[in-house]
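Novice: Starting off with a structure, shown below.
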């Protein structure tokens, strides 16, 4: 294959890679928007803070464990950009606060 | 004439004087917080203005002018929890740090107002979008601008049941006039539906007031658990939280919402359904008429 044809093919492939994926990128973009790839801290955040509705049903040990997971998440969230940090730290604070509140009430019940 | 009582020269009045002084002293010293009886809550605004928040941390300096946020419009569609827990709006005005940039990034108003998310089959307009070229700016940045708001309170709430003051939101939901969204895809954490919490009574501090009937079920359905605990109600230990109407009026405890967004504090019977003791048995099921000015 001659060199100009190779160059043309190479450039075409490059353009296809850029423009083509963008052209077919509508659905994938939509997919990416509706189900964005979650970072590890986010998965852990969702798993930890998805249980607030059930907080009253947990034992003291479970609540202590959840509080500890919240504490572990905090330094990871503090590394995020300003807005995400502010939003997620507030959410984490509320979530941790609730578990601590329920734990306190359970300890108080036993007294 | 009452003046006659204190007129000198009458032995009978002279004898009464110490008794009256003693009676007054006993009344003011022993009745807990009698001043609460005479202190009216802050005057309520018009229902259309009630819960209105002016956001002006950055928008005046940035150009488009302050944002007017109407709680009534959003609370007819979404739970308090969705915005104040999942999206992260603070409970105090201008404490969230909303900026055009954060909206464009998909936070704060932009969590819903991104031009793509659908509500009732229609896309929600994008907040602070570069594409709108100023057409949509005035919908939110509307302070002092006439006729730029899309929704009018009277028209919007025309079919919603009314209560003592504006819309009766509980009745509106019970009658299925409104259906509140409690989860936002991509923002909210997936969770199980909340278990109904039991309602309970709280003893009033004033001896002449019937207990508060607290609707834990309704509050937890709209607020979740973490909006109230522990930030507003910091402890579950009995006898440690000393509620009072003074503190509520200051914006603490119930006053964090009631008196600002939720029904006003002068709607006494909404919390004390039996009213004062002397009215026991005389109030019906809708005792909204007992109110302070």
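Protein chains in written order, with my numbering: chain A, 234 to 344; chain B, -7 to 285. Glycine residues also receive a C-beta, built at the ideal position from the N, C-alpha and C atoms. Since we're looking at a predicted model, the values are computed, not measured.
Are the beta-carbon atoms belonging to residue 192/B and residue 259/B less than 8 Å from one another?
Specialist: Contact: no.
Novice: So, does the CB of residue 279/A fall closer than 8 Å to a CB anywhere in chain B?
Specialist: Answer yes: the Cβ-Cβ gap between residue 279/A and chain B drops below 8 Å somewhere.
Novice: Out of 88/B, 252/B, 65/B and 63/B, which has the shortest C-alpha to C-alpha gap to residue 50/B?
Specialist: If we check each option's Cα against that of residue 50/B, 88/B comes out closest.
Novice: Taking residue 285/A as the query, report the chain B residues whose CB atoms sit under 8 Å from its CB, ordered along the chain.
Specialist: Those are 183, 216, 217 and 218, listed as they occur along chain B.
Novice: Using the Cα positions of residue 285/A and residue 306/A, report the straight-line distance between them to the nearest angstrom.
Specialist: Taking the straight line joining both Cα atoms gives about 16 Å.
Novice: If I measure Cβ to Cβ from residue 40/B and keep anything under 6 Å in the same chain, skipping five residues before and after, which residues do I get?
Specialist: Cβ neighbours of residue 40/B beyond the five flanking positions: 145.
Novice: Any idea what DSSP makes of residue 168/B, helix, strand or coil?
Specialist: Residue state, collapsed to three classes: coil.
Novice: Is the Cβ of residue 312/A closer than 8 Å to any Cβ of chain B?
Specialist: False, the Cβ-Cβ gap to chain B never drops below 8 Å.
Novice: Which residue comes first and which comes last in the beta strand (DSSP E) that contains residue 47/B?
Specialist: Looking at the DSSP string, the run of the beta strand (DSSP E) that includes residue 47/B is 45 to 47.
Novice: Tell me which residues share the same chain as residue 81/B and place their Cβ nearer than 6 Å to its Cβ, disregarding the 5 neighbours each side in the sequence.
Specialist: Within the same chain, residue 81/B has close Cβ partners 75 and 88.
Novice: Quick one, are the C-beta atoms of residue 47/B and residue 56/B less than 8 Å apart?
Specialist: Not in contact: residue 47/B and residue 56/B (Cβ atoms no closer than 8 Å).
Novice: Distance, Cα to Cα, residue 130/B vs residue 121/B?
Specialist: C-alpha separation (whole angstroms): 12 Å.
Novice: Is it the case that the Cβ atoms of residue 264/B and residue 202/B are separated by a distance below 8 Å?
Specialist: Yes. Within cutoff.
Novice: Using DSSP with H/G/I as helix, E/B as strand and the rest coil, what is residue 252/B?
Specialist: Coil, per DSSP.
Novice: In chain order, what are the residue ranges of uninterrupted beta strand (DSSP E) at least 3 long that sit wholly in the region 113 to 184 of chain B?
Specialist: Qualifying beta strand (DSSP E) stretches: none in this window.
Novice: I'd like the span of the alpha helix (DSSP H) that includes residue 278/A, first residue to last.
Specialist: From DSSP, the alpha helix (DSSP H) with residue 278/A extends over 273 to 282.
Novice: Would you grab the beta carbon distance between residue 62/B and residue 44/B for me? Rounded to a whole angstrom, and I think it's under 8 Å.
Specialist: Indeed they touch by this definition, with Cβ atoms about 6 Å apart.
Novice: Would you say residue 324/A reaches chain B, if we count a Cβ-Cβ gap shorter than 8 Å as a contact?
Specialist: At least one chain B Cβ lies under 8 Å of residue 324/A.
Novice: So, at 6 Å on beta carbons, what are the nonlocal neighbours of residue 132/B in its own chain, with the 5 sequence-adjacent residues on each side left out?
Specialist: So the list reads 59, once near-sequence residues are dropped.
Novice: From residue 197/B to residue 162/B, what does the alpha carbon distance come to, in whole angstroms?
Specialist: When rounded, the distance between both Cα atoms is 27 Å.
Novice: Measuring CB to CB, does residue 128/B end up less than 8 Å from residue 111/B?
Specialist: Not closer than 8 Å, so no.
Novice: Please confirm whether residue 85/B has its beta-carbon closer than 8 Å to some beta-carbon of chain A.
Specialist: Judged by the 8 Å Cβ criterion, residue 85/B is not in contact with chain A.
Novice: Using a C-beta cutoff of 8 Å, does residue 303/A count as contacting chain B?
Specialist: So no, residue 303/A is outside the interface.
Novice: Taking residue 310/A as part of the beta strand (DSSP E), name the residues at either end of that continuous run.
Specialist: First-last for residue 310/A: 293 to 311, but that is the alpha helix (DSSP H), not the beta strand (DSSP E).
Novice: Is there at least one Cβ from chain B nearer than 8 Å to residue 316/A's Cβ?
Specialist: Yes - at least one Cβ of chain B is within 8 Å of the one on residue 316/A.
Novice: At a CB-CB cut-off below 7 Å, which residues of chain B make contact with residue 276/A?
Specialist: Simply none; closest approach about 11 Å.
Novice: Residue 229/B versus chain A: which residues are under 7 Å apart at the beta carbon?
Specialist: The contacting residues are 341.
Novice: Does the structure place the region 206 to 221 of chain B close enough to the region 313 to 320 of chain A that three or more beta carbon pairs sit under 8 Å?
Specialist: Touching, no.
Novice: Under a three-way DSSP split, which group does residue 290/A fall into?
Specialist: Of the three classes helix, strand and coil, the one that applies to residue 290/A here is helix, per DSSP.
Novice: For the alpha helix (DSSP H) that contains residue 193/B, what are its first and last residues?
Specialist: Element bounds for residue 193/B: not the alpha helix (DSSP H) but the beta strand (DSSP E), 192 to 194.
Novice: So which residues on chain A does residue 116/B lean against when the C-beta distance must stay under 7 Å?
Specialist: Within chain A, no residue comes near residue 116/B; the closest Cβ sits about 14 Å away, beyond 7 Å.
Novice: If you draw a straight line from the alpha carbon of residue 219/B to that of residue 327/A, how long is it in whole angstroms?
Specialist: The straight-line gap from Cα to Cα measures roughly 7 Å.
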